[in-house]
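For the record, the sequence lines run as chains R and E.
First residue of the first sequence? That's 367 in my numbering, and the numbers climb one at a time after it.
First residue of the second sequence? That's 2 in my numbering, and the numbers climb one at a time after it.
Take a look at the structure set out below.
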Amino acid sequence: MLARRFDDFATAEDAVQEALLAAATQWPVEGVPGNPRGWLIQVAYRRMIELVRAETARRRRENLVARREPDDRRVAPAVDDQLTAGRDDTLVLLFLCCHPALSPASAIALTLRAVGGLSTAEIAHAFLVPEATMAQRISRAKQRIRDSGVPFRMPEAADRAARLAAVRHVLYLIFTEGHTSSAGPDLRRVDLSAEAIRLTRALHERLPDDSETAGLLALMLLTEARSPARTGPSGELISLAEQDRGRWDAAAIAEGVDLVTRALPWGPVGPYQIQAAIAALHDEAPSAEETDWPQILALYEVLEARSGSPVVALNRAVATAMVHGPDAGLAALTELADDPRLAGHHRLYAARAHLHEMAGDRDRAVADYRAAAARTSSVPEQRYLTMRAARLAARTAPTEG
Amino acid sequence: MKYMLLMQFSAAGTDFPPIDTWTPEEIRAHIAFMGEVNAKLTADGEWVQGEGLGGPAQARIVRAGEGGVPVVTEGPFPETKEFLAGWWIVDCETPQRAVEIAAYISTAPGPGGRPLNMPIEVHPVMSAPPQEL
């Protein structure tokens, strides 16, 4: 709100922080005011004016020419501009924090700080880096936005689709980062997956007609629903096929399924909706055996045709094996093995190991599980793959185990 | 993605005399460079951790003996020609960037102010989120 009024993101954020600080010190002593939100905005507004005045004086003193947005760019929002008409600052902030001028790591940090409202210490702890490092990352990100001269307002209509895709991507990255923890529950650690869901939900509420955002929220809910069953008591990974489906979060599944079912017929079908549809098919299967693999295979084919991603092609090969047998899947993988983007990639070995195991070729499966374990950069995944190889090897040659 | 950078001093891989034979100016320049590396990594939002290690004279090798009792030896350090002098953990966007940082550290100045070009090992830290399998 303040950022929009003054078109100055960093100063506005400082002002809001000072207002919150004032609240934290004054309210316990003087009592909470009748309208806490109004009080905060008032205090922040006054503080903002002081900061802007001080800043202006400093600039005058130093004879700096402030680079200001030219007046002719300050146009009134178009009448048909539904989003701007809503004057929603959360949305504008999201667009700004996920600006393409920022690297993914900077965009993630800034989004969590400015939109998510997490403290720098909390973000630093979530990413297991020192607070000073995270503070620098955030301040450089702000500087970068300042230097790029991006105004604090909704992107132009022509850019909006691409900018919205960038926002979704950052939210998705925050979500996947939430699955990093390998050290067991850490109460001090912010749950990044929950934070990503919260932010995506906020985005979805503001853009209810955007089917891809609904798809992203559905994908997150349907993936998160399985998380209680995804790891065992000592943090070991449990494969989808072996998870106890009774521990899946039924409410989250219902919400995710409902979202994606309504989103799909709306309009442009994007990759998040397709992935959400695949996740929904897994989540709705009463058992691994009853999974609708033909439908999943068809969805992976659509997804692969759209994205051209080699990792999607890997998943499609696994789905092929589930429908047409392991040999068909292995044949599909052989075609992919030449893709330079997959060369030496642990997921290629892991998928092939899985299909060799399905085909009963234990020696090849063990070799590929071991190769995958040597190449992953995730500890839980490495343990899972090593254990899988060990179990198979023990069955092949019991004397060795 | 996090990477551990190990600064290995190896008599075989390097052709400079031990640091205790350098002039005070050379030692000062070397220490100043290391300080700059840390300040720069922090300013870039990439610094996670970094320490120098005591030399071979202070290092010990420990094994569990009978009943878990520690068995301490001076270690193979006096005989081997390689030891770990220090490490950094950096959090950067790409593996290429980790290599770039390592190459920069490798230019730390030695005798005559010339870059030492010491070998820096780059190890990815196993911190990636697991995929659902």
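Even glycine gets a Cβ: it sits at the ideal position worked out from N, Cα and C.
Predicted model only: the values in this text are computed from it and were never measured.
query	result
Do you know how far the Cα of H124(E) is from the Cα of A584(R)?	36 Å
Strictly under 7 Å for the Cβ-Cβ distance: is E747(R) near chain E by that measure?	yes
Using DSSP with H/G/I as helix, E/B as strand and the rest coil, what is E571(R)?	helix
Give me the chain R residues within the contact set of V49(E), using Cβ-Cβ distance strictly less than 7 Å, ordered along the chain.	V495, P496, T499
Under 7 Å between C-beta atoms, does P125(E) make it to chain R?	yes
Skipping 5 residues on each side, what residues in its chain have a beta carbon closer than 6 Å to that of P496(R)?	none
How about the segment 599–618 of chain R and the segment 664–676 of chain R: do they share at least three Cβ pairs that are nearer than 8 Å?	no
Using the rule of at least 16 other Cβ atoms within 10 Å of the residue's Cβ for burial, across every protein chain shown, is E670(R) buried or exposed?	buried
Run through DSSP, which three-state label would P466(R) get?	coil
Within 10 angstroms of its Cβ, does A423(R) collect 16 or more other Cβ (buried), or is it exposed?	The predicted model places A423(R) with a pLDDT of 49, which falls under 50 and marks its position as unreliable; any figure quoted below should be read in that light. Exposed, because fewer than 16 other Cβ atoms sit within 10 Å of the Cβ of A423(R).
Quick check: what's the CA-CA separation for A432(R) versus D45(E)?	Only weak support is given to the placement of A432(R): the predicted model assigns it a pLDDT of 32, under 50, and the value that follows is read from those uncertain coordinates. Cα to Cα, A432(R) sits roughly 25 Å from D45(E).
Let me know the secondary structure DSSP gives F493(R) once reduced to three states.	coil
For chain R, check one thing: does any of its Cβ atoms lie closer than 7 Å to the Cβ of T43(E)?	yes
When DSSP labels each residue in this structure, what does S548(R) get in the three-state scheme?	Bear in mind that the predicted position of S548(R) carries a pLDDT of just 47, short of 50, making it too unreliable to give a figure here.
With DSSP run on the structure shown, which of helix, strand or coil describes S559(R)?	helix
Determine the closest residue to A471(R) out of R526(R), T542(R), L457(R), A523(R), with distance taken between C-alpha atoms.	T542(R)
Could you tell me whether the segment 700–716 of chain R touches the segment 728–744 of chain R, using the rule of 3 or more Cβ pairs below 8 Å?	yes
Listed in chain order, which residues of the segment 51–73 of chain E have Cβ atoms closer than 9 Å to some Cβ of chain R?	none
Can you confirm whether S673(R), when its beta carbon is compared against all beta carbons of chain E, has any partner nearer than 7 Å?	no
Between A129(E) and chain R, is the shortest Cβ-Cβ distance under 7 Å, so that the two count as touching?	yes
Under 8 Å by Cβ, that's how I've got R572(R) and T456(R) pegged, so tell me the actual separation to the nearest angstrom.	7 Å
Checking contacts by CB at 7 Å: is H570(R) closer than that to chain E?	no
Is the Cβ of G87(E) closer than 7 Å to any Cβ of chain R?	no
Just to confirm the assignment: which complete alpha helix (DSSP H) runs, minimum length 4, are found wholly within the segment 18–95 of chain E?	25–44
Please confirm if G46(E) has its CB atom under 7 Å from at least one CB of chain R.	yes
DSSP three-state call for S485(R): helix, strand or coil?	coil
I'd like to know whether the C-beta of T657(R) is nearer than 7 Å to at least one C-beta of chain E.	no
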